[in-house]
Each structure stands twice: as C-alpha cells, then as structure tokens.
Amino acid sequence: MALSQKTNTRLQILKTQENLFFYPHQAVQKAYERIYKKGETQVGWPKGVERYKENYVDNTCAFVGIALGDEGKGRLVDNKIEEMLQNPGIEKVYVIRWNGGNNAGHTIEKDGIKIALHSLPSFPLHKKAIGIIDRGTAVNPQDFVDELLYVEQKTESLKKRIYISGDAILLTDLEKAEEELNNGIAQKSKGGTGRGIAPAYAHKLDRKGLMISDLMAENWKEKLEKYYDDRKTMFKAYRKDLDKCLVADFGGTKRTGHQQKREIGSKEQFIKRLAEARAFLQERKIATNTRLVHNSIYRNPKIGVIFEGAQAIGLHPELGTYPDVTSSNPTLEGIRGGTGVWLPNEIKDKVGVFKLTYMSSVGSRKEAMPTYISLPEKEITKTAGLNTEQLRALFVRNVANEKGTSTGRYRDIYHLDLEMMRYNLRMSGGVEVLTATHVDIAQEKETIKVCTHYTDENGAYMPYQPGLNYIKNAKPHYVKLPGWDGKACTKAKCFEDLPQNAIKFLAFVQEMTGYPITIATNGPLRKNIIYIKTNK
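Counting in my numbering, the sequence shown runs from 657 upward without gaps.
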C-alpha cells in the first residue's frame, strides 16, 4: 500500500511501514510503474490523518540522522529556529544536544557567514536561541572554549546563551591519547575522529571516567592529577610515553585551517590547560544543573525546544554498522537518558533526515558496505579510468563538498540504500516524517542508482541487520532513476517548482519507505528549503 489519498488512518501508515520493512522486494515493481510510468506521485503527509499523540508538548521538534551521519541536520535546526521565532508567542528557542561530542560536524550559514560547529548546538546565528550541551554528551573543556571563541569571532558574544550539564562526560587530552594508543594496538582504520569519544564513553560504563562536575569541584586538581597518573602507568605498560603522545588540537586547527596536533605534555602542562578552561567555564557560568533549566522550559508556551541529534542511527553502537559505529545513542530514545527529563513521545515533530540522491560517511571502514562506491581518498584531477559510478561519486564529492567537518577527510560515497534506511527508521525510536536534503545534487543527463533491497547468494531476499560481518555478502538490488538539473533545482521556491524527475524521485523514496517526506532542501542556504504540503 502506498501513502496516498486512500491512506486515511494512522494505523494504515504503520501497516504500510511494517509491510515494507518485511517485504520490500514485493513492492519495487509496483512503485516504479505507478510513479515512473503512470505518473502518480504522492509526496507529503496523507490528508486527514492525525499525526501526533495527545500528550505531545507544543513547539518541540527533534532531528535525527537516518543514514550514516552528515545528512545536514545542523542547517535544518537553524531553519527550524527561524520558523519557531516567527511565531509571535515564542520568545526563545532552546537547542539541545543529547548525544555525542565534538566528533559531530554541523554547518550553518547566513548572510555569507559560514560556521562549522562540533560541540555547540546549531543555535549561534539567532539572538533569541540558547544552546544546551546535555548530560548524554562528552565535552572537552579546552576544545569547547576554543570553539566558542572561534564562533564568537564570527557572530557575537554567546554569554548566557550556552550551558553544559554538570553530568556530561568530561573529555580530555588523555582520552584522545588513549584512542591513539588503542588504534595502534588494534591496527584500526582511521575511521574515528581522534577526539577521544570512544574511550570517554567506555570509561563512563566502566565507572573510571569523570564528569564536568568533577572538573568544577573544589578538589578537581587532585582528581585530574590522579587521572593523569593512571593513564601514564597504562602507557608505560605498552612502552609508550604519554608526555610525547600527539593528539588533535582543535584550536590550532581552527587558527590555521589545517589539521594540527599537540603533545600531551607533562602533568603540570596538562593541569594548566584544564585550569584555564575551567576558569572560563566558571567566569561565564556555563556548567550548570540542566535539570533546573528543563524544569523552567518544559511545557512553557513561550519557549520552543529543538533536539539536535549527532551522528546517525546507522552508527548506533548496537543497531549500526558495527564495529564502525559511534559510542552514544543517536536515536530518539537517546533523548530520555541524554536529557534525564524529556520522553521521545512528548516531542511533536520527530524528523528523520537523509540525503536524497546518495549517502556519505567519514572514515575508512573495516568492511565495505553493500552500496559503497570505491574512490581514492584524495583529490582527483584526472578522471581517465574512472567508471560511471565513480564519476557520479566524484561529482557528488566535489559539488556537495563532501569533506568531514570534524576531520577534513573526504567522505565515503554510497548509493542511497533504502534497505538500510527502512531498518534505521524502524529502530529510530519514533520518527514520523522525513526531510530530504541535497535535492540539488543531481545532473539532468545522468541516472541515479537506488538500492531497493538485498538478496543472498541464492537469490533470496536478505533483510538488512546490524553488523558489517552480516551484510558484507549482501547483494544490493538497484533501480536506475532519471536525474534532473540540480542547478535549476536551487531556484525552486515551492514543491511544484521542483523538476518533475526530482518530484518522482521523492515519491519513490516515500513509497518504498512508507514515511511521508514533508521537507526538502535544494541548496546550502537558509532560503533553500521547501515545505511539502499535505497530500490533496
């Protein structure tokens, strides 16, 4: 069943999603014929269907990545802030990060100002917006201060507009060093960001880690000195010198525009850097009890609340492409523990974000995913010898500037994988609608391959499930859909202005996932956003 005029109940939508999850291979041909031969395109939420439960909180929204990260969540948060503040009843908007650390990379842009964010939520371009880095995150105080000062150079002071939960994980150069050590021991790929995220979350679970509140406590120096001594002992066991270990230097990277590293240095040098960051947090009163903040904004009719997810469901430590996963919970369910207050079903708009014509992800993986397009991780100036798929991936990489915001590395490019996407949507914790980004990344005379499902070596349908070991032998089945003029696409002001092939492509994705697509972005600027009305 497609999401069409005949879909008139919430139960029918859920049943459609369920059928597509278990039997997608049975729907491909009908979907293709209906859209590309008969010209029947249904995009958006079905008319007359109630979307939300009765207990949702007004003026709340959450964005989660449905693929492998890098979907464009930051710019959507920026757009949503602007939309909420246009409501005359809304006085302020709070943007809450509930997971991850400065391994995230969200980019926002306005009036020629382009800002890459890592720890900070995507709020700085709005004077009436406030950011919260909540208890489910990991925060490096030095990197945070460097990032905050970098952002303030491009905007204005964010004093009294950014808060960090005292319960957030304390991330230091020691976790960065530990990540380098672990990678060397295990001979791991360079898929991580080098920010020490994995060790920080691991030490929360083994109860050896510290929190931001430990840094702000009176006996902080004693705790951090012992923390340093423990790591030094560990490094000695591997015949490594902690003092000389090189780790990522966020401040140096921002100042030079190139990846920089610094030595951990002696215990005294380590403590001195932390003392400077601690003094900044104290002076600005940034570290706080965010539970009290939530109490003041919960169901407050004058407040808008946006939950900004980091990474994506495809990188969930249990539900993602293990071992190439992140360390925190990027699903809507992560909001529960990541804030300690909010419940997923209380959020009014639960939005899954994906790139329309392809997927991308930073880092080399242990096993290639089924729809991976092999391309050298370096600048390519000569295209001789590249096949059609590689040329498509190179076009995407260059036009969409597919470089990691946190790492500066070229991202891996994949064909859009609807088999994985359906799984991630079901595991999302309650996503109800989709936003398609990068609608402008297409060419008129090309065909775009879309994976509809997998089969095994015997030709039988093979469902997606987490773990690269399982899916490494999956055979992706593709449909080839016609492209469109991406440059012309950026001029569209409304859904009807989009090229017909773009509309058909959106309709095909909606039909093959069962989730309504209600927003599309057709360029990097704030104005390049299209709201898709309810089906008529």
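Ideal Cβ positions, reconstructed from N, Cα and C, are used throughout, including at glycine. Here the structure is a predicted model, which is why all the values come from computation and not from measurement.
Taking DSSP's pairing of strands, which residues face residue i in a bridge?
i	result
Met867	Ile825
Ile764	Ile771
Ala1176	Ala1092, Ile1186
Val751	Gly787, Ile962
Tyr1171	DSSP output for Tyr1171 lists no bridge partner at all.
Cys717	Ile962, Asp1005
Ile818	Gly787
Ala943	Ile820
Gly756	Thr793
Skipping 5 residues on each side, what residues in its chain have a beta carbon closer than 8 Å to that of residue i?
i	result
Lys1034	Tyr1066
Glu834	Gly852, Pro855, Arg887, Met890
Leu724	Ala968, Gly970, Leu971, Thr977, Met1015, Ser1016, Ser1017, Tyr1070
Ser922	Asp899
Lys1189	Gly700, Phe1151
Which value, in whole angstroms, describes the spacing of the CA atoms of residue i and residue j?
i	j	result
His1094	Glu831	35 Å
Glu939	Lys910	23 Å
Ala1024	Leu1031	12 Å
Ile1069	Leu667	36 Å
Thr828	Asn796	5 Å
Arg934	Leu871	7 Å
Thr793	Gly695	46 Å
Thr763	Gly1115	42 Å
Asn839	Gly913	25 Å
Cys1150	Lys1131	38 Å
Ala893	Asp899	14 Å
Lys783	Phe800	20 Å
Arg863	Asn1057	40 Å
Asp1141	Lys748	39 Å
Tyr1117	Leu975	20 Å
Glu1088	Gly728	18 Å
Met1168	Tyr1134	13 Å
Val1007	Arg895	48 Å
Glu932	Gly865	21 Å
Lys1101	Phe779	39 Å
Cys619	Pro1155	Only positions 657 to 1192 of the chain appear in the structure, and residue 619 is not among them; the question remains open.
If you drop the 5 nearest sequence neighbours on each side, which residues of the same chain put their C-beta closer than 7 Å to that of residue i?
i	result
Leu1137	Thr1103, Ile1104, Val1106, Phe1161, Phe1164
Met740	Asn715, Ile746, Val749, Gly960
Ala1049	Ile1029, Leu1031, Ile1069
For residue i, I'd like the list of residues in its chain whose CB is within less than 6 Å of its CB, leaving aside the five on either flank, ordered along the chain.
i	result
Thr1177	Thr1093, Asn1184, Ile1185
Glu674	none
Glu1045	Ile1029
Gln916	Asp905, Gly908, Thr909
query: Do three or more CB pairs link the stretch 935-945 to the stretch 812-832 at distances below 8 Å?
result: They touch, by the three-pair rule.
field: Continuous alpha helix (DSSP H) assignments of at least 4 residues falling wholly in the stretch 1010-1064
entry: Secondary structure in the stretch 1010-1064: the alpha helix (DSSP H) runs of 4 residues or longer, each lying completely within the stretch, are 1044-1055 in chain order.
Given 8 Å, three or more beta-carbon pairs between the stretch 769-777 and the stretch 999-1008: Inter-segment contact for the stretch 769-777 and the stretch 999-1008 is absent: fewer than three beta-carbon pairs are separated by less than 8 Å.
- request: Give a yes or no on contact between the stretch 954-971 and the stretch 915-932, applying the rule of three or more CB pairs nearer than 8 Å.
  value: Output reads no: the stretch 915-932 does not touch the stretch 954-971.
query: Could you give the uninterrupted runs of the alpha helix (DSSP H) lying entirely in the stretch 1057-1140, keeping only those of 4 residues or more?
result: The alpha helix (DSSP H) runs lying completely inside the stretch 1057-1140 and spanning 4 residues or more are 1074-1082, 1124-1127, given in chain order.
message: Is it the case that the stretch 977-991 contacts the stretch 684-700, given that we only count it when at least three CB pairs across the two stretches are under 8 Å?
response: These segments do not touch.
task: Determine contact between the stretch 670-683 and the stretch 944-960, defined as no fewer than three beta-carbon pairs at a distance below 8 Å.
output: No contact exists between the stretch 670-683 and the stretch 944-960.
- request: Give a yes or no on contact between the stretch 1009-1020 and the stretch 1112-1124, applying the rule of three or more CB pairs nearer than 8 Å.
  value: As far as the Cβ criterion goes, the stretch 1009-1020 does not touch the stretch 1112-1124, which means the pair count is below three.
- prompt: Counting only runs that start and end within the stretch 851-921, where is the beta strand (DSSP E) found for 3 or more residues in a row?
  reply: For the beta strand (DSSP E) assignment, the uninterrupted runs of no fewer than 3 residues enclosed by the stretch 851-921 are, from N- to C-terminal side, 902-904, 917-919.
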